[in-house]
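Protein chains in written order, with this note's numbering: chain Z, 1 to 594; chain W, 1001 to 1352. Beta carbons are placed, not taken as given, at the ideal position from N, Cα and C, and that holds for glycine. As the structure is a computational prediction, the values presented were derived from the model and not from experiment. Accompanying notes for the structure given below.
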Amino acid sequence: MSGNGRTKLVLGYGTCGIAAGAAAVKEALEREVSAGGYDLDLDIAGCMGFCFREPIVEVFYPDGKSVVYGDLNPKKVPQLLQAAASGEVLEDWVVRRSDDTAAGEGDFLANQHRIVLRNCGNINPESIDEYIAVGGYEAARKALTNMTPEEVIDEVSRSGLRGRGGAGFPTGTKWGFARKARGDQKYLVCNADEGDPGAFMDRSVLEGDPHAVIEGMIIAGYAIGATQGYIYCRAEYPLALKRLEIAITACRERGFLGERIFGTDWNFDIKIKKGAGAFVCGEETALIASIEGKRGMPRPRPPFPANEGLWGKPTNINNVETLAAVSWIIANGGDKYAELGTEKSKGTKVFCLAGKVRRSGLAEVPMGYTLRQVIFDVGGGVREGKEFKAVQLGGPSGGCLPASLLDTPVDYEAITATGAIMGSGGMIVADSSTCMVDLARYFLSFTQAESCGKCVPCRLGTKRMLEILTRICEGKGEPEDLERLEVLAADIKAASLCALGGTAPNPVLTTLKYFRNEYEDHIFNRKCTAGVCPALITVKINQDICTGCGACARICPVEAISGEKKEPHSIDPDTCIRCKLCLSRCPEEAIYAE
Amino acid sequence: MEQVRLNIDGVDVVTTPDRTILEAAREAGIRIPSLCYDQRMDPFGACRICIVEVEGARGLLPACATRVTDGMVVRTNTEELRRIRRTIVELLLSDHPRDCMTCESAGNCELQDLAYEYGVKETRFPGEEHHYEALADNPLIERDYTKCVLCGRCIRICREVQGVGVYDFVNRGFEAVPGTPYNRPLTETPCEFCGQCVSTCPTGAIISIPSKGKGRPWQVEKVRTTCPYCGCGCQIDLHVRDGEIIEVSSPVMVGPGQGNLCVKGRYGYAFVHHPDRLTTPLVRKDGELVPASWEEALGMVAERIRGAMDDKGPDAVAFLSSARCTNEENYLLQKLARAVVGTNNVDHCARL
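In structure tokens form, the structure reads like this:
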């Protein structure tokens, strides 16, 4: 937001920004502003989504225009401040200009539709006043003072909102179950146990706009009749936890949380429960066990939490993204939300673009966008001009889809039909340098390590699948291994206790379906065409290109490379350990793996 | 109670809504195989052996943890279910020693029974196997997690039935295993050595040290009796081989204990064959205890009681009974005191 007639610099200060060096930039900004006597305001915001250009500063001018600069560091700060003070635009650093979407990475935002991320990167997440200034808490006030709980549920049902944690269960229907369940005490839980590798949308929302989630919780609590809320957030998200605590304290001071909130006779408060980082605790019954102080392990359903949840009481569990959408829906109407999307999947979905995509970051698009639009129009396509090979949707529970399915729309049913799942919204892009067997092996190693160990198919079945994949990658695959994988995958899916096991084989099944030739190459030809699996590749030097600079020989940890100065070098395949360090070092790109 | 009608494998079953599919099926004589199920505890749904098909349900359901509903149509033994159960048994055996020949639990092992039922001789999925060191950190209970199937029965019986909670799972994934806090020996935990974990363990992972190597289930004669230790009257089975008690167990869901025993009932049987045990009454003669016949001993007691009564009246006599006697025996003793001797001086050792 722009200041009152003053130029304001807003630093992206989410975990992604801090990891890229925003803390040093912040320090430099504060130092230089006071040292230079600049008449400028400084502020922070959460992640704007441009994770690929962090650290980022958005300069808001008094005339309402703004410019986003990226790839900043403390050395660039003096020049940035001078430009900001003078109104000059540093064209080379521009990520986005509010008055020119063609500039920089402008089309990244132009191709999005931001509802959940409406305030992320735009307001200071540690200031309740900034949230209120953009209309915050009006939806909660409206729900509590002007609507019955049933009307709130109807509004959410009309929006068509479905659970954004991955399963896509209709939120209004879920609330209806919890509303109808009988119990002297009910609970509302916000599931912030985000754990998919490559998924960071919940963290970004909690860091960038915690009040949107809290407001959604107040509305949901009122709708189902819960007076106590819990946020189950992993302790590895310290910044999200800190901002939630600040937000909750501010809400209590304003009378938005606690007793008789918004001047009504309704009570609602929120406790934060820090999770210890078990992936399985994202499963609702394991999450409940964890809040109760037990080992996080799922239990069979039914009974569903709506009837027997936390401490045996009716409990409704919603994901961060779902709750952040709720406050927008109550403020703007369910019909407005339902205008976006497909027949069965309404509204928007936040995706985390990661892997070999050019613009890795956070993007929110209307349902119905195709994967191609998300990856190419928003994400800018594959990095370094390489060829798109696959996209892994839904993390370790999801599936890997090939280029031929890029026109699949973002829609729960359409994605499930491919063998992948919408999941929480991780989108990991693979290019020609990704081995699909190795990718499946990676995801299975994750689910195996994170299996709670309770049920046999998940504990032992995924272990055996992982062993088979590992030996295929090591060039020891047997012809019968593909069938073994398929038998195990089918039975694990059918018999596992919870969705962790039930979906764990998906990365293997989809890669077997769409990239079977790579498995066969590994097993029958002992070749890894992507040049990834060390046991199946040879690292070679192209004698026509090598200039004999010796850079490769110097970095080789096992002295496998030899050659006369200024003469083409060569690699002794018996000594080489295929670490590929030399590949990245060669200035002529003369070294390759095959 | 309200009645529920359902159909299991073509058989119409009438039961009550508090029943699970597994219970309703067993009552109707339809056996659904299980491994992590023990009716003394709440259902757990971990082993997935008892999965069944329920019409209209999304996916397969564990019979042990799914309550019956009216109109339910259940299939317990389809080709798909048998295929999946076989895979599960093969997976379990892929991380289980094939040492049934010397295993303490051979013949009393639910995994062995499942392998037999599903004809699993070899596993299609060999791989890494666990080799834990057997833990004999106390004189009674040995834990060898190499044979553990992670059914959680030891953990649950200790917590739910005994209210002690010595065990829980530790680690995740393939490395998950039951354990004590910080892997301390049982002697350094609140363990009461009731051996309930031994009684529920479906394999040879938790065994009783005093019974080790003493005999196979088919070599013993089981003698049903009442536990002599307290007035509860738990039913026990003495496992007798060649005239020697080698183990004590309790029949599940029978008698006041419902299959549960405490440390005394389960392990306090060594006195039976102990050389110091009194086998005849002793009578003190000239300051020395000497063996006597029952006739002589009881005669002397009767004579002394009569003497005291004659001398000072019935209230000069008191009867002290034992909590270790059965209710019937205690009843008879007070009857003797009140009706024969004529005194109300009756008490018992548990008040001492």
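- A Cβ-Cβ contact shorter than 8 angstroms links residue 1251 of chain W with residue 1235 of chain W.
- Taking a 10 Å sphere around the C-beta of residue 1285 of chain W, we find fewer than 16 other C-beta atoms and assign the residue as exposed.
- By the Cβ neighbour-count rule, residue 1272 of chain W is exposed, with fewer than 16 other Cβ atoms within 10 Å of its own.
- Contact residues of the segment 1039–1061 of chain W toward chain Z are 1043, 1044, 1045, 1046, 1047, 1048, 1049, 1051, 1059, 1060, 1061 (C-beta to C-beta distance below 9 angstroms).
- Listed along the chain, the chain W residues whose CB falls inside 8 angstroms of the CB of residue 450 of chain Z are 1172, 1173.
- Inclusion of residue 330 of chain Z and residue 155 of chain Z in the CB contact set at 8 angstroms is warranted, their separation being smaller than that value.
- Counting only residues of its own chain and dropping the five nearest sequence neighbours on each side, residue 225 of chain Z has a CB closer than 7 angstroms to the CB of 149, 179, 186.
- Those residues of the segment 484–500 of chain Z placed with their C-beta closer than 8 angstroms to a C-beta in chain W are 484, 487, 488, 491, 494, 495, 496, 497, ordered along the chain.
- Inclusion of residue 411 of chain Z and residue 367 of chain Z in the CB contact set at 8 angstroms is warranted, their separation being smaller than that value.
- Residue 1053 of chain W has W:1075 as its beta-bridge partners, per DSSP.
- Under the Cβ distance rule, residue 1079 of chain W does not count among the residues neighbouring chain Z, no pair being separated by less than 8 angstroms.
- Put simply, of W:1006, W:1204, W:1224, W:1132 the residue whose alpha carbon is nearest the alpha carbon of residue 1027 of chain W is W:1006.
- Per the Cβ contact rule, the segment 43–58 of chain Z is in contact with the segment 7–16 of chain Z (3 or more Cβ pairs under 8 angstroms).
- Note that the C-beta distance between residue 1246 of chain W and residue 1206 of chain W is not below 8 angstroms.
- Near chain W, meaning a CB-to-CB distance below 7 angstroms, the residues of the segment 299–314 of chain Z are 299, 300.
- CA-CA distance, residue 1120 of chain W to residue 1092 of chain W, rounds to 11 angstroms.
- Less than 8 angstroms divides the Cβ of residue 97 of chain Z from the Cβ of residue 67 of chain Z.
- In the DSSP assignment, residue 1007 of chain W falls within the unbroken beta strand (DSSP E) covering 1004–1008.
- Of all alpha-carbon atoms in Z:499, Z:216, Z:108, the one lying nearest the alpha-carbon of residue 152 of chain Z is that of Z:216.
- A direct Cα-to-Cα measurement between residue 1277 of chain W and residue 1292 of chain W gives close to 15 angstroms.
- Taking a contact as a CB-CB distance under 8 angstroms, the pair residue 594 of chain Z and residue 503 of chain Z does not count as one, their CB atoms being some 34 angstroms apart.
- With fewer than 16 other CB atoms across the displayed protein chains lying within 10 angstroms of its CB, residue 1253 of chain W is exposed.
- Per DSSP, residue 517 of chain Z is one residue of the alpha helix (DSSP H) stretching across 516–524.
- Among the bridge pairs identified by DSSP, residue 316 of chain Z is matched with Z:188.
- Using beta-carbon distances, residue 1127 of chain W counts as an interface residue toward chain Z, with a partner under 8 angstroms.
- Chain Z has no Cβ within less than 8 angstroms of the Cβ of residue 1075 of chain W.
- Runs of the alpha helix (DSSP H) lying entirely within the segment 1276–1319 of chain W, each at least 4 residues long, are 1294–1312 in chain order.
- Around residue 1030 of chain W, the same chain offers 1008, 1009, 1011, 1076 as residues with beta carbons nearer than 7 angstroms, after the five sequence neighbours per side are excluded.
- Measuring C-alpha to C-alpha distances from residue 552 of chain Z to each of Z:119, Z:326, Z:590 identifies Z:590 as the nearest.
- For residue 1249 of chain W, the enclosing beta strand (DSSP E) stretches over residues 1244–1249.
- Note that the C-beta distance between residue 512 of chain Z and residue 480 of chain Z is not below 8 angstroms.
- Of all residues in the segment 464–475 of chain Z, those with a C-beta nearer than 7 angstroms to a C-beta of chain W are 464, 467, reading in chain order.
- Within chain Z, the residues whose beta carbon sits less than 7 angstroms from that of residue 1065 of chain W are 300, listed in sequence order.
- If the five residues before and after residue 587 of chain Z are omitted, its C-beta is found closer than 7 angstroms to the C-beta atoms of 549, 551, all from its own chain and listed in chain order.
- Relative to the Cα of residue 545 of chain Z, the nearest Cα in the group Z:214, Z:568, Z:404, Z:202 belongs to Z:568.
- Taking 8 angstroms as the cut-off, the beta carbon of residue 232 of chain Z is found closer than this to the beta carbon of residue 191 of chain Z.
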